[in-house]
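First the structure, in the form of structure tokens, and then the observations on it.
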Amino acid sequence: MQEIICRFSKDEEVKWVSQLETVRVLERALRRAEIPIAYTQGFNPRPRLAMGPALPAGMTSQAELAALFLSHRMDAEELKKRLNAQLPPGFSVDAAWAIPAYKKKQTLGEIDTAEYVAAAKGPIEAEELDRRAVGLLSCREIRLVRQREKKTQKIDLRPWILALSIAEVPAGAQVKMTLRTGNAGGARPQEVFEQLGISGPEWQVSCHRQALYAGSAQTAARPRRMPLRSLHNSRFRRRSGKQEPNMR
Amino acid sequence: MNYNTLLGTVARPCRYTNSEWNSIHKDHSAAKARFCLCYPDIYEMGMSHLGLKILYHLLNSHPDYLAERAFAPWPDMEAALRQARLPLTSLESSVPLRDFDVVGFTLASELTYTNILTLLDLGGIPLKASDRTDRDPLVLAGGPGACNPEPLADFLDAVVLGEAEEAILEVAEAVAKNPPAKGRKALLDQLAQIPGLYLPSQYRPEYGDDGRLAALTPLNGAPARVRSRIIADFDSAPYPTRQVVPYLETVHDRVVLEIMRGCTRSCRFCQAGMTYRPTRQRKVSTLLDQAEKAIASTGFDEIALLGFNSPDFQGIEELIVGLLEAHSKRSIGISLPSSRTDTFTVSLAEKLARVRRPGLTFAPEAGTQRLREVINKQVTEENLFTALEAAFDSGWSAVKLYFMIGLPTETKDEVEAIADLLQRAAALGRKKLGERKGRLKITASVGNFIPKPHTPFQWWGQEEPESLKEKQALLRSGVRAKEVRLSWNDVEMSRLEAAVSRGDRRLGEAYHLAWKAGARFDAWAESFQPALWQQAFESAGLDPAAYANRHIHFQEALPWDRLDYGVTKDFLCREAQAALSGILTPDCRVEDCANCGACPRSPDFAGN
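Residue numbers (our numbering), protein chains in the order written: chain A, 643 to 890; chain R, 20 to 627.
Structure representation (structure tokens):
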């Protein structure tokens, strides 16, 4: 079995396609492209693929990740070309690379950091947002209660905000943030917006995910993994040259 | 026109996303006839309807015509559009409905009709046909519900009866020659010349002193009867292989391969079984080719064989072997919906289970042999139990059973017989599954009988809601096996469906009132409001029971008498009488012709 990682983007026209639906988009495109994807065993065989941290619906991205498990070896560039020919408008694979055979599975499990840039237009000026951001970063903890269906969970947002900055642009404010994400817990962009007071119908926010990578010290602490980490950093973070969202 | 700012506030915004794979975006300025095909329910329902897919691709495959899609917005989206003062638009080009030449509706279920008014209103089109001017599109309808379009007569300009693959192109040609903007009158006159087109405004209803419909009189030389369209050469009828692939999970999220049309088993409650005669099927080679192309262009992982009774397809085994050979390596599953109840169905399903185990559904419909003979469902209890036994032996632990209550002449004992049958089915399952009995699941879906136009039971009044409720309770208390899951239909909802099914033009007023009072998505339990409908009927001076629950005399005028679906009224009448005497009518593909009038074999055949 061969594992190939795809980094793909989701543009404006497909930003409401949820993570689950995105999986289906990939599954079907893989079948149309006749890529030799492996199938799971059992009553209801499914293509074997794993996704990086879910992108909240309504956001665009240039950094989505999917790990594809192939039954036959294939050149990553060839896969990228064939998959792109079969993806609906708004989706495109910007990079694809094979994971060396000695690498354990669950490559994407190591992803723990996400970078976002957002354009926010609303009743609060950029200058004030900046003051609030500085205030937020100076807090030791940011306690809040997260509600998901029937469950409530008490969390501290602060350690998950790795960087936050506000810039003034002609049409409002630009929010840049680096957030912890992934299986071990993380902050959602929406939660940071709410802390800044960016919420409600009077706000127009468009948020874009710029990068996803394995950034934690944990990985670096294990020397054997160093080459992989550098691989993550160099390839996951490579900018695709796309424009950041317009401030309109 | 852009909804983007609204989409953050509504549920499942993906319903309004338009860039799906295989969706067709054409240039409006270059098209000579522009259609907006509307399905009056949510996207997930509408995108599961094969008829809509066929017409969408058929129109778009013509260089001069264009078709786009629109679905009923969920109430949250409707509210958002109204608040933002935005019109409802087509998906593909985001063009308001009012700017198309033709707005066409699929009439699939009576309980979706209020959504037609929502689509018209939000689309900027006057609700009533009589209020439309040369600035407005032509409002067209078709589909199974066209069997009795009278309740919608006020709102529709024209109705296509029967199978629309040929008629829609003739309509498009007429529109290209006479766009509505250049004069509606000329266009309507031209449409009246197309076979299978029914123009409600060409008929004037008269009502008797008893409040019943007395006559529907043709005006201006309109035909006394409009014959529905039938595709004679079904094998080469257009089938879209480049189907749109939805982002959202739809109800039928797969390649739907239409293997046959029509059914001659003559179940007496079944409208489709009467109105899509004669039975036609595609060649195996055609179907294998269509499946291959459809899978290649969509990437779906399942093929469903569509036909009223797919195991009745002559050559079904050859078809299944061919499909498995071509697709099983890619883990593409195959399913076959069926209303047959026999071991043959199980043996076919077993072949398919090699890739993906399909669900098994049996439709005994009634609890006793007597009642099954009344409805002409030619299945014995022995057939059912041998089929169940075969299913459990071949590894199925879950099966689905369909029943109906309130069938003509049904007694309470016969409802208890359904409960008894389910108990015995559960006992058989426990015995057969042995150690695996914990996985046994029998789902019994119990519908309420609804008298449908153009069926032998069209004259029979539906049982009163209270009485149906009692029967549901009786069934519930009779089924004690925990492995059996019963599901019901709301009795008030069924009564509305029956009233509309057999309704006349006066129901248009009730529709308008109910819609104005907020009736939407009436087929959805969470939004159906019986009290509101009661009020609407009262304000319109109508009694729902007079439409739904009354036995109609054979001699009375029926609102759908002007529509000719092939089967003769004589045949339906003979069948109704045979039902009451428990006389069976055989399948004419196997035995003698019953002279239904729908095909040249029949002595009463009057041509298509």
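For every residue, glycine included, the Cβ atom is placed at its ideal position computed from N, Cα and C. Predicted model only: the values in this text are computed from it and were never measured.
Discussion item. Only counting the same chain, and skipping five residues up and downstream in sequence, which positions put a Cβ closer than 6 Å to that of A564(R)?
Written reply: none
Discussion item. I'd like to confirm the pairing. Which residues does DSSP put opposite D583(R) in its beta bridges?
Written reply: R246(R)
Worksheet item: Should L159(R) be flagged as near chain A, meaning a C-beta pair shorter than 8 Å?
Response: no
Item to complete: Give the range of the beta strand (DSSP E) segment to which S546(R) is assigned.
Response: Per DSSP, S546(R) belongs to no beta strand (DSSP E) and is neither H nor E.
Worksheet item: Between the C-alpha atoms of I679(A) and L691(A), what's the straight-line distance to the nearest angstrom?
Response: 8 Å
Practice prompt. For E769(A), count neighbouring Cβ atoms within 10 angstroms of its own Cβ and tell me buried if that reaches 16, exposed if not.
Written response: exposed
Worksheet item: Buried or exposed: where does D153(R) fall if 16 or more other Cβ atoms within 10 Å of its Cβ makes it buried?
Response: exposed
Worksheet item: For L426(R), which option in A555(R), I437(R), T305(R) has the closest C-alpha, if you only look at C-alpha atoms?
Response: I437(R)
Worksheet item: Using the C-alpha atoms, what's the distance from A243(R) back to V586(R)?
Response: 16 Å
Practice prompt. Go through its chain and collect everything with a Cβ distance to S358(R)'s Cβ below 6 Å, but skip five positions before and after it.
Written response: N328, A382
Item to complete: Within the segment 759-783 of chain A, note down every full alpha helix (DSSP H) run reaching 4 residues or more, in order along the chain.
Response: 768-780
Worksheet item: For Q387(R), does the three-state DSSP call read helix, strand or coil?
Response: In the sequence under discussion, the amino acid at residue 387(R) is Thr, which differs from the Gln named in the question. Looking at T387(R) - three-state DSSP - the assignment turns out to be coil, as it is neither helix nor strand.
Worksheet entry | Where the beta strand (DSSP E) containing P237(R) begins and where it ends | 232-237
Worksheet item: Roughly how many whole angstroms lie between the Cα atoms of G694(A) and G143(R)?
Response: 44 Å
Worksheet item: Do A372(R) and G341(R) come within 8 Å of each other at the CB atom, strictly closer than that value?
Response: no
Item to complete: Report the rounded CA-to-CA distance for R104(R) versus E545(R), giving the unit in angstroms.
Response: 26 Å
Discussion item. What would DSSP say about Q728(A), mapped onto helix, strand or coil?
Written reply: coil
Worksheet item: Using CA coordinates, which residue listed in Y266(R), Q477(R), P475(R) is at the minimum distance from E655(A)?
Response: Y266(R)
Worksheet entry | Residues that D798(A) bridges to, as DSSP identifies them | R785(A)
Worksheet entry | Simplified DSSP state of L139(R), which is helix, strand or coil | helix
Worksheet item: In chain R, which residues lie less than 7 Å from V656(A) when you measure between Cβ atoms?
Response: T36, S38
Practice prompt. Would you please verify whether the beta carbon of T24(R) is less than 8 Å from any beta carbon of chain C?
Written response: Any reference to chain C falls outside this structure, whose protein chains are A and R.
Worksheet item: Across which residues does DSSP place Y222(R) in a beta bridge pair?
Response: P237(R)
Fill in: Within-8 Å CB hit, V264(R) to chain A
yes
Fill in: At least 3 beta-carbon pairs within less than 8 Å: the segment 353-367 of chain R vs the segment 378-394 of chain R
yes
Discussion item. To the nearest angstrom, how far is the alpha carbon of L235(R) from that of E344(R)?
Written reply: 55 Å
Discussion item. Please tell me whether W349(R) has its Cβ less than 8 Å away from any Cβ of chain A.
Written reply: Before going on, a small fix: residue 349(R) reads as Arg here, not Trp. Yes, because at least one Cβ of chain A sits closer than 8 Å to the Cβ of R349(R).
Worksheet item: Beta-carbon separation of L207(R) and D176(R) under 8 Å?
Response: yes
Worksheet item: So the beta strand (DSSP E) S496(R) belongs to, where does it begin and stop?
Response: Note, S496(R): premise wrong, no beta strand (DSSP E); alpha helix (DSSP H) at 484-497.
Fill in: Residue interval of the beta strand (DSSP E) (run including D412(R))
Unbroken run through D412(R) is the alpha helix (DSSP H), 400-412; no beta strand (DSSP E).
Worksheet item: What do you reckon, is the C-beta of F253(R) under 7 Å from a heavy atom of the ligand GTP?
Response: The ligand GTP is not part of the structure shown, which contains no ligands of any sort.
Worksheet item: Can you list, in chain order, the stretches of the alpha helix (DSSP H) that have 4 or more residues and sit fully within the segment 145-198 of chain R?
Response: 186-196
Worksheet item: So, is the C-beta of Y681(A) closer than 8 Å to a C-beta in chain R?
Response: yes
Worksheet item: For Q300(R), which beta-bridge partners are listed by DSSP?
Response: M279(R)
Worksheet entry | Contacting positions in the segment 705-736 of chain A - beta carbon closer than 7 Å to chain R | P730, P731, G732
Worksheet entry | Other residues of its chain near E311(R): CB distance less than 7 Å, five sequence neighbours each side excluded | A345
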